[in-house]
Structure formats: structure tokens, C-alpha cells
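Working notes, structure below.
Protein chains in written order, with the working numbering: chain A, 1199 to 1607; chain B, -6 to 354.
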């Protein structure tokens, strides 16, 4: 008897819960107020997402959107949760849905197939052009430009240390000064980034060679710190990074305090808080430029570019405030380079500045078919007019070869 | 008065009526809501009622949200139900995560390799069978070593999770065409191996499968000879042996079943929900289901309530983040208070607190 009562009560509860709300029809879009949905992999406690949130807020202001016109979904995993969130936003009346993490892309694309009237953007993704969908886009900043400039900052420091005779003898490898790089994954995005950084260093201080170690994670405080320690144990003098935590700068700061000659170049956020003496600068994105453009297109009812990538010219990338350890004259060198990039006088991947097995390439095909090889007829050569056209055919970075001077142990 | 009673004592109380138990539960849930309300108001200055109504909205405000809530409840329930036969036997299967992943992996593999070769209905049937087999194999290994060599099943099943994760990682790399570490939506255009929509509803099959499996497990454990053997083995292996039950056989058979059920949860997730495979396919549900199974005291029907409660809290968490910018810590605290109060209510249904003066009367 008790069992039956318990069963009935259970059913009653479930039924009550289900029926209690169905009559209350979902809030229909009574007014025709434009709505935009954003799907974020984290929240304001996570640097990468925080940068996107800042960008979105700037875009709201620039396009005169009120708080109730943007619906935020925080901490959405790169799983079915993303698809559910996207469809939920569509049902709430959003005319465009943005997601900020690479792993969201497949789910956004699925939603884009099903809702052709809504615009979907997977930031940092790379399949929009291939998908053939008119309402699906990708976006990326030309962060390789700011990485190049952050390389100049590091190069200035190397030159200063070298002139003062402060670089220890063990740090010279075949007459070249050893620097290190903490990479996340061996993907094009990372390779393109560290190559730009390396070329930036080389433009100031040519006698340099760089060791790269991958952590196989985008965000791992401990692993990034440990990797930085390994690189410093190998006598690397500068530690660059393409990983999202403050692990590496903090490790470099600790080592510097103990007398090791090492300085850090960060990513995404200003690292001076965790490494006041060791941090030189960080390469950053200003997502506001993109969101302002994209929200504007939504407001105007126009198409969002399938592949969007911009850099210094529109202010989509930058480096953070120079640390107090930077060499004198750094600011001037930085300003000069930025101006040259803006005017088009300087191309980061200028073939004159890098070689592969000792040869200056004049052809480098990139994969445009999404199968990760470059032997399809659609795959194009990206070296035109003497430089590699990064992020122009696709917004996502595509420079994925190791140039001479960069090595993995 | 020489040996005075302590001021407060705890006494076992087994004769509470069913209504009394329900009343205690209700009181504690209200208490949880009140404590959470105080927390919400003191920390965020928001009206707790609007926060609760926002959580409710997150799970129920549109037909689609209701379906997703039901769908996720069913998925969590199916894993908890899968764990039940093993737990009844006091075999601590902490490997649902891995069993589910391996079942899901099998489904994904068949979708990829057979998607364009055989009809979708046949494919679904094969996926069902082979996912169950894959999960069963993951359940069999620890059971075999437990039965033969009395190895520790908690550690063994736990470690099998990591083996499962690594195998999934490996296949994600094999199937990933872009070196982006994701397989993408499988058969996104052909929908081969996807659960079909029934009456225009995407998730009916998910619900149906889980309801049938839950009922089957309930009957199996309560009314069959196998179920009886499981219960006796769980109570005491010696008793089971004396009464002529082949204990190793029961252990292996029950874990084959438990693993197969968890493998089927992977099948439901891959074929019926996400249509892709990654290490996130299980997403910690294999562990959450342990909480569900225990809170429900291994009663498959009560598990419906707790699965629902946990899914409801998750949906509510996303919604209050969206509406009030309360991040996941806030919703974690609310969930924590609620679970704590439910545990406290468990205590009060089995024990009572006695004060001294009451005793003296």
C-alpha cells in the first residue's frame, strides 16, 4: 500500500510540475525589440571570456542596445549544452547568436542549419566558409600582429641584457640566445602566434633561437608554470606564451626573484599584477571592435562577414602597458612597428625574414577545404607579393610550419 | 539521579509513518529554501522569490525547455538506474562514467562507419545492442577480477573510467579531420543513426527507452529470482553461499547488466542528444548518478525525483546567471544548501532527538 501511495505521489509531483507551467505560454515577443544572444564558455572570472564580455558591452554601447536586448548565457560547455543554449536564445527571439569558444562551433553550425533566419557566429572557429551557410560566420582578430609587436618588446630587452653582458653563458646556443615559448596545442593558431612573436624578437635581436613546449591545454595554471620552469632550466631568457593562465609569468617572477635572468611576455591580460618585475607586456585582443561591427550589421539587418579578421588598423589587437623592466626606447620601437603595420609597410610574415631549411619560400599552400592537407585544388598559395597572407583567406590563423630557429625538444 | 541522562540524545526511530516521513522531507525542503533565500538576499540584495521564479523559468518556461529538462532528467535517471543492480549487491560501481563513454563511443563509431551503408532503423537497433555490449564489457572486467581474485571494485571501476577517457581521446583524434580535437556533429545532414522525431517531438524516444529500462530494472530486482540473488549477495556473501547461490556468477552477471545499462545511457546521449562524441559526452553524470542512486536509497522510482531535482538546479543555475548575473558559485551554494537539507531530513526520518526533561516525565 505504501508503495502505491509513494508511486502516486511521485507521479502527482511530476505531473503537477509539468502541468503547473504549460498553460503559462512562453513570453512571446510582444514588442519588436531586437535581441541578440551570447553564449560564453566561462564568466567574468575567466580572462578569455572576460575579454569577450568587455567587447560585447562596448558593442552594446556603440550600437545603442539596452541591457534587455542582449541575453547572456554563461558557463556553457562545449557540448550539447551549447546547441540547447543557441536554440533557447532563438526561441527567446534573438536575431543573432554569438559563441566565444572554438568547441562551440559544431553545435552553432548545427543550429545555423536549422534556423536559417537567425545569424550565428562562432568566434575563433574555422568552418563557416566551408559550411556554405549564409547565416553562419567566424571571426578572429589578427593577434599575430600584436604578438609580433610583443616580440619587439622582448627583443629590446634581449639587446639590453646582451649589451650589459647579463645573459649567462649557458643561454647561448651556437652563438644564439635561447628563448622559450609555452604553447597550448600544436595547432596552427599557436604556431602562427609563436612564429609572429619569434619574428618580432628577431627583427630587433637577430641572434636568437626559440624552444617551444606544449601544455596540451588552453588553461592550466600548474602545467604552464611547470613548463616555464622547464624552459628556464634550459636557460631560456624570455618566456613567451600562448596559453590563458598566469602560470608562466608567476613562475618567471619567482625565478627572477631568485636571481635567474628571465622575463615574461604574456597573453590576453596584463601580467604586471602577478609578475611586476618579470612581465614585459602581453599581446591582447580587443574584441569590442568585432562585436561593434557585428552587432551593427545585425541592427542594420545586413549580413555579417563570413570570415572577419582585423588587427592594428582598426584597433582589434594591442599590447598591454609596458612593464618597468622594459629596455629604454621600447615604446618608440613599438610605436614605429605599429605605425608600419597600419600603413602596410611592414608585413609580419615577410618572406625575407624567415626561412625553412635555409630556403626563403615563395609558395606555401594553406588548407581551405578543412581536411588538413593542402593537396586539394581549392587549397591556395598564401604567399603573394613577398609575404604570407595570414588570416586573409580564413579568419582563423593558418600559418602552421616551423621556421628555422624554432624548435621543439 | 546519579547517572543522569545527557541533555540531548539521539535515538533510533524506525516507526515513522509514511506521511510523517513526507512531512519531514517537505519541512526540510522549505528550510533549504528559507536558508537559500537568506543567503541570496544578504549577499546579492536580490528578491529571493524572483531568483526562484527565474530558476523555475530556466527549466519550464517554454515547451522546449520542459522537453530538455525531461530529456536530461531521463539521461541522469538511466545512469542511476544502471548503477542500481550493482549497488544492491553492495558492489561499488564507480565506473558509470567510463561505461557510458565506451557505450557512446561504440554508437558514434557505428554512426560514422555504417551511417551511409545500412538503413537508419537497423543502424539504431545495432547501435543499441553494441553499445550495451561495450558497456557490459567495461562492467565485466572489474566484476571478473572481483569474483576471481577479490580485487577492490571501487578502485578498479574508477580506473576503468580513465581507460575509457583515453580511448575516447584516441578516437576523437582518429576521427577529427581538422586537428581541432573535436569530431563535429556526426551525420549532420543525413541524420543517420539519430533518434527520429516522433509526433514532431525530438526526444520522445529518449524518454521511452529510459522509462522502459527503469520499469524493467524495478521488476527485475523486485520480482525475479535474479533480483533476489542480488539482494542476498548484497546482504551477506556467506549467507548467499550457504543458500547455494553461485556468488561469482551473480557478481559477474549483475555487473554485465549494470555496465550494459550505463552503456545504453551513452547510446541515448550520442544517438538521441548530442550526435557527437568527446570526453564531455559523460560530463560527470556517471558520478552525479551515484548521488542520485543513494539519495533515492536505490529505489528506481524515487530516483526520478532526485534526477529531476538535480537537472532542475542545473537549468536554474544557467537562468539565474543569465537574468541576474549570478555566477555558478551562487547556484552551487543553493544546490549545496538543498542537498545538505535533504541529507538532514534523511537523518530525521531514521532518528529522533530526545531532550532530557522529556525523558523524565
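C-beta: ideal position from N, C-alpha, C; glycine also.
Is any beta-carbon of chain B found at less than 8 Å from that of residue 1272 of chain A? What you label residue 1272 of chain A is simply residue 74 of the first chain in a count that begins at 1. So, interface residue.
If we cut at 8 Å on Cβ distances, does residue 1221 of chain A have a partner in chain B? In the first chain, counting from the first residue as 1, residue 1221 of chain A sits at position 23. Interpretation of residue 1221 of chain A is limited by its pLDDT of 43, a score under 50 that renders its predicted location unreliable; no figure is taken from the coordinates.
If we count the other Cβ atoms within 10 Å of its Cβ and call it buried at 16 or more, is residue 1223 of chain A buried or exposed? Taking the first chain and counting its residues from 1, one reaches residue 1223 of chain A at position 25. At residue 1223 of chain A, the pLDDT of 47 sits below 50, so the modelled position is not reliable; the number obtained from the coordinates is stated separately. Counting Cβ neighbours within 10 Å, residue 1223 of chain A comes out exposed, since fewer than 16 surround it.
Can residue 1339 of chain A and residue 1466 of chain A be called in contact, C-beta distance under 8 Å? The count along the first chain starts at 1 and reaches residue 1339 of chain A at position 141. The count along the first chain starts at 1 and reaches residue 1466 of chain A at position 268. Cβ distance not < 8 Å, so residue 1339 of chain A and residue 1466 of chain A don't count as in contact.
Where the segment 1246 to 1280 of chain A meets chain B: residues whose CB sits under 9 Å from a CB there: 1269, 1270, 1271, 1272, 1273, 1274, 1275, 1276, 1277, 1278, 1279
Measuring straight from C-alpha to C-alpha, what distance separates residue 1220 of chain A and residue 62 of chain B? Start at 1 with the first residue of the first chain, and residue 1220 of chain A comes out as number 22. Start at 1 with the first residue of the second chain, and residue 62 of chain B comes out as number 69. Interpretation of residue 1220 of chain A is limited by its pLDDT of 44, a score under 50 that renders its predicted location unreliable; no figure is taken from the coordinates.
Would you identify the three-state DSSP class for residue 279 of chain B, choosing helix, strand or coil? What you label residue 279 of chain B is simply residue 286 of the second chain in a count that begins at 1. Helix.
Using 8 Å as the threshold, is the C-beta distance between residue 24 of chain B and residue 334 of chain B below it? Against the second chain, residue 24 of chain B aligns to sequence position 31. Against the second chain, residue 334 of chain B aligns to sequence position 341. Yes; because the gap between Cβ atoms is below 8 Å, this pair is in contact.
Take the Cβ of residue 29 of chain B as the centre, count every other Cβ of all protein chains shown within 10 Å, and call the residue buried at 16 or more, exposed below. Here residue 29 of chain B refers to the residue found at position 36 of the second chain. The residue is buried, with at least 16 neighbouring Cβ atoms inside 10 Å.
Can you name the residues that DSSP bridges to residue 1280 of chain A? Here residue 1280 of chain A refers to the residue found at position 82 of the first chain. DSSP lists no partner for residue 1280 of chain A.
is_contact[residue 358 of chain B, chain A] using C-beta, thresh 8 Å: Here chain B has residues from -6 to 354 only, and residue 358 of chain B is not among them.
List the DSSP bridge partners of residue 1374 of chain A. By one-based count along the first chain, residue 1374 of chain A stands at place 176. Answer is A:1371, bridged to residue 1374 of chain A.
Threshold first: 3 residues or longer. Then list the beta strand (DSSP E) segments lying entirely within the segment 1250 to 1338 of chain A, N to C. 1268 to 1271, 1292 to 1297, 1317 to 1321
In angstroms with no decimal places, state the Cα-to-Cα distance between residue 1507 of chain A and residue 156 of chain B. Residue numbering aside, residue 1507 of chain A sits at position 309 when the first chain is read from its first letter. Residue numbering aside, residue 156 of chain B sits at position 163 when the second chain is read from its first letter. For residue 1507 of chain A and residue 156 of chain B, the distance between alpha carbons rounds to 40 Å.
Near residue 249 of chain B, which residues of its chain fall below 8 Å by C-beta distance, leaving aside the five closest residues on each side in sequence? Here residue 249 of chain B refers to the residue found at position 256 of the second chain. Hits under 8 Å: 129, 132, 133, 136.
Classify residue 234 of chain B as helix, strand or coil using the three-state DSSP reduction. Position 241 of the second chain, counting from 1, holds the residue named residue 234 of chain B. Residue state, collapsed to three classes: helix.
Given that residue 269 of chain B touches chain A, what residues does it touch there, using C-beta distances under 7 Å? To locate residue 269 of chain B, count along the second chain from 1; it is residue 276. Correct list: 1304.
Best match in A:1263, A:1367, A:1348, A:1587 for proximity to residue 1533 of chain A [C-alpha to C-alpha]: As a first step, residue 1533 of chain A must be located in the first chain, where it is residue number 335. Comparing Cα-Cα distances from residue 1533 of chain A to each of A:1263, A:1367, A:1348, A:1587, the minimum goes to A:1348.
Measure the alpha-carbon distance for residue 259 of chain B versus residue 1292 of chain A and round it to whole angstroms. Working through the second chain from its first residue, we reach residue 259 of chain B at position 266. Working through the first chain from its first residue, we reach residue 1292 of chain A at position 94. So the alpha carbons of these two residues sit roughly 32 Å apart.
Looking at chain B, is there any beta carbon in it that lies within less than 8 Å of the beta carbon of residue 1312 of chain A? Looking up residue 1312 of chain A in the first chain gives position 114. Chain B contact via Cβ: absent.
Are the segment 232 to 251 of chain B and the segment 30 to 40 of chain B in contact at 8 Å, needing three or more beta carbon pairs? no
Can the beta-carbon of residue 1382 of chain A be found less than 8 Å from the beta-carbon of residue 1388 of chain A? For the purposes of this step, residue 1382 of chain A is taken as residue 184 along the first chain, with counting starting at 1. For the purposes of this step, residue 1388 of chain A is taken as residue 190 along the first chain, with counting starting at 1. It is a contact, given that the beta carbons lie within the stated cut-off.
Continuous beta strand (DSSP E) stretch holding residue 194 of chain B: start and end: Counting from 1 along the second chain, the entry for residue 194 of chain B is found at position 201. From DSSP, residue 194 of chain B is part of no beta strand (DSSP E); its letter is neither H nor E.
Quick one: which residues of the segment 253 to 278 of chain B get their C-beta closer than 7 Å to a C-beta of chain A? List them in chain order. 266, 267, 269, 273, 276
Is residue 32 of chain B closer than 8 Å to residue 326 of chain B when the C-beta atoms are compared? Residue mapping note: residue 326 of chain B aligns to position 333 of the second chain, counting from 1. Residue mapping note: residue 32 of chain B aligns to position 39 of the second chain, counting from 1. Yes, Cβ-Cβ distance for residue 326 of chain B and residue 32 of chain B is below 8 Å.
Using a threshold of 8 Å, state whether the C-beta atoms of residue 80 of chain B and residue 291 of chain B are closer than that. Here residue 80 of chain B refers to the residue found at position 87 of the second chain. Here residue 291 of chain B refers to the residue found at position 298 of the second chain. Their beta carbons are under 8 Å apart, which means residue 80 of chain B touches residue 291 of chain B by this criterion.
Apart from the five residues just before and just after residue 1540 of chain A, which ones in its own chain have a Cβ nearer than 6 Å to its Cβ? Here residue 1540 of chain A refers to the residue found at position 342 when the first chain is read from its first residue. Counting only Cβ-Cβ distances below 6 Å, and skipping sequence neighbours, we find 1510, 1511.
Mind checking which residues open and close the beta strand (DSSP E) that includes residue 1606 of chain A? Here the question's residue 1606 of chain A lines up with position 408 in the first chain. Residues 1604 to 1606.
Please report how far the alpha carbon of residue 197 of chain B lies from the alpha carbon of residue 190 of chain B, in whole angstroms. Working through the second chain from its first residue, we reach residue 197 of chain B at position 204. Working through the second chain from its first residue, we reach residue 190 of chain B at position 197. Rounded to whole angstroms, residue 197 of chain B to residue 190 of chain B spans 7 Å at the Cα level.
So is residue 349 of chain B in contact with chain A if we call contact Cβ pairs under 8 Å? Position 356 of the second chain holds residue 349 of chain B. With 8 Å as the cut-off, residue 349 of chain B does not count as an interface residue toward chain A.
Boundaries of the beta strand (DSSP E) in which residue 1439 of chain A is found, first to last residue: The residue given as residue 1439 of chain A occupies position 241 in the first chain. Where residue 1439 of chain A is concerned, the enclosing beta strand (DSSP E) stretches over 1436 to 1440.
Do residue 1546 of chain A and residue 1346 of chain A have their CB atoms nearer than 8 Å? Within the first chain, residue 1546 of chain A is the residue found at index 348, counting from 1. Within the first chain, residue 1346 of chain A is the residue found at index 148, counting from 1. Result yes, Cβ atoms of residue 1546 of chain A and residue 1346 of chain A sit closer than 8 Å.
Determine the chain A residues that contact residue 321 of chain B at a beta-carbon separation under 8 Å, and present them in chain order. Locating residue 321 of chain B in the second chain gives position 328, counting from the first residue. 1241, 1272, 1273, listed in chain order.
Does any residue of chain A have a CB that is nearer than 8 Å to the CB of residue 175 of chain B? Against the second chain, residue 175 of chain B aligns to sequence position 182. So yes, residue 175 of chain B belongs to the interface.
Using a C-beta cutoff of 8 Å, does residue 167 of chain B count as contacting chain A? Sequence index remark: in the second chain, residue 167 of chain B carries index 174 (1-based). Taking Cβ atoms only, chain A never reaches closer than 8 Å to residue 167 of chain B, which makes this a no.
Of all Cβ atoms in chain A, is any one closer than 8 Å to the Cβ of residue 9 of chain B? Here the question's residue 9 of chain B lines up with position 16 in the second chain. With 8 Å as the cut-off, residue 9 of chain B does not count as an interface residue toward chain A.
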